[in-house]
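All the letters of the sequence shown, read from the start, carry residue numbers 14 to 99 under the working numbering. Glycine residues also receive a C-beta, built at the ideal position from the N, C-alpha and C atoms. In what follows, a single structure is set out as structure tokens and then discussed.
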Amino acid sequence: MGIKRFHKPVRIQVGRIDRDRIVFDTRDAAELLLHAWPPNCGKRRQAALRACLEVIKGKKPPSVARKAFIAAAQEARVLLDKDTRV
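What follows is the structure in structure tokens.
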């Protein structure tokens, strides 16, 4: 189970306004979704967690987790790169 890197990092801001986070891989995305995500963010967060798990298990490519993570970040309004391409 190696690190499943994204082809392009995703920049988000959870918590403090002066703390941007750069997410480079599936493991970091999953950790943020589990431990640092804003409350009351539901369906897309759950889908992103499932996608990350599938990637970590080797069943899907990292692009699947990245796409789901971006959708969850948009839902939670924490995505900083508005022009992020999936």
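In three-state terms, what does DSSP make of P74? Locating residue 74 in the sequence shown gives position 61, counting from the first residue. Reduced to three states, the DSSP call for P74 is coil.
Determine the DSSP secondary structure at L93, reduced to helix, strand or coil. Along the sequence shown, read from residue 1 onward, the residue named residue 93 stands at position 80. Coil at L93, not helix or strand.
Is F19 closer than 7 Å to P75 when the C-beta atoms are compared? Taking the first residue of the sequence shown as position 1, residue 75 is located at position 62. Taking the first residue of the sequence shown as position 1, residue 19 is located at position 6. Between P75 and F19, the CB-CB gap stays under 7 Å.
For the alpha helix (DSSP H) containing D41, list its first residue and its last residue. Here residue 41 refers to the residue found at position 28 of the sequence shown. That run of the alpha helix (DSSP H) goes 39–48.
Are the CB atoms of K50 and R63 nearer to each other than 7 Å? Translated into positions along the sequence shown, residue 50 becomes position 37. Translated into positions along the sequence shown, residue 63 becomes position 50. Here the sequence assigns Trp to residue 50, which means Lys is not the residue at that position. In this structure, R63 does not lie closer than 7 Å to W50 by Cβ.
Within this structure, are the beta carbons of V91 and I25 separated by less than 7 Å? Counted from its first residue, the sequence shown places residue 91 at position 78. Counted from its first residue, the sequence shown places residue 25 at position 12. Their beta carbons are under 7 Å apart, which means V91 touches I25 by this criterion.
Please classify D38: is it buried, with 16 or more other beta-carbons within 10 angstroms of its beta-carbon, or exposed? As a working mapping, residue 38 is identified with position 25 in the sequence shown. Buried: at least 16 other Cβ atoms inside 10 Å.
Along the chain, where does the beta strand (DSSP E) containing R24 start, and where does it finish? Working through the sequence shown from its first residue, we reach residue 24 at position 11. Where R24 is concerned, the enclosing beta strand (DSSP E) stretches over 18–25.
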